[in-house]
Amino acid sequence: MTTQKHQDIEIVSNTIFKYLISNQELLNHIIHRLEYHELSDGELIAYAGQNVDGFSIITSGMVRYYYTMLDGKERNKAFFTQGQLIGSLSAYLTHQTLPFSIQALGDVRLYKIPLELIESLREKYPTEVELFIGRVAKELFIRNE
């Protein structure tokens, strides 16, 4: 494993652990099924109206959430950096499409936890996954206040 990948996996592990997922078997299961993505400045990670297909952890760089107004102007919602989880938890929980777009600001590396993995883990580890979702929801609620 390269030094960069090792550092990235450490960031991902620490981020997941921050949400109180300390079950090593579960953590290993997630780590081995992550999807690695590199994005360039301005590249869209997700767009408004898209179905939720997972959540990602940023290991390098910065992204923004933004709304596109009817007049075409963009309004920033939030910015996220290394070690933060991105994606729309509210869209996931309500089975809605994304209400905003997510864009790379500069070069970005991230690891995606696919929705299919989350759903299968919810069946096998219901308590841990619900705790994870609850902690993420709490953090997002506090951040948006």
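Numbering-wise, our numbering puts 126 at position 118 of the sequence shown, and it's gapless, one number per residue. Ideal Cβ positions, reconstructed from N, Cα and C, are used throughout, including at glycine. Computed from a prediction, not measured in an experiment: that's the story for all the values here.
For residue 40 and residue 73, the rounded distance between their alpha carbons: So the two alpha carbons sit approximately 27 Å from each other.
Bounding residues of the beta strand (DSSP E) (the contiguous stretch that carries residue 59): Note, residue 59: premise wrong, no beta strand (DSSP E); not H, not E.
Residue 79, buried or exposed, once every other Cβ within 10 Å from all chains shown has been counted against 16: Exposed, since its Cβ has fewer than 16 Cβ neighbours within 10 Å.
Residue 35 beta carbon less than 8 Å from that of residue 121: Contact flag unset, no.
Nearest-angstrom Cα separation, counted from residue 113 out to residue 61: Rounded to whole angstroms, the gap between the alpha carbons of residue 61 and residue 113 is 21 Å.
As assigned by DSSP and simplified to three states, the class of residue 81: In the three-state reduction of the DSSP assignment, residue 81 falls in the coil class, being assigned neither a helical nor a strand state.
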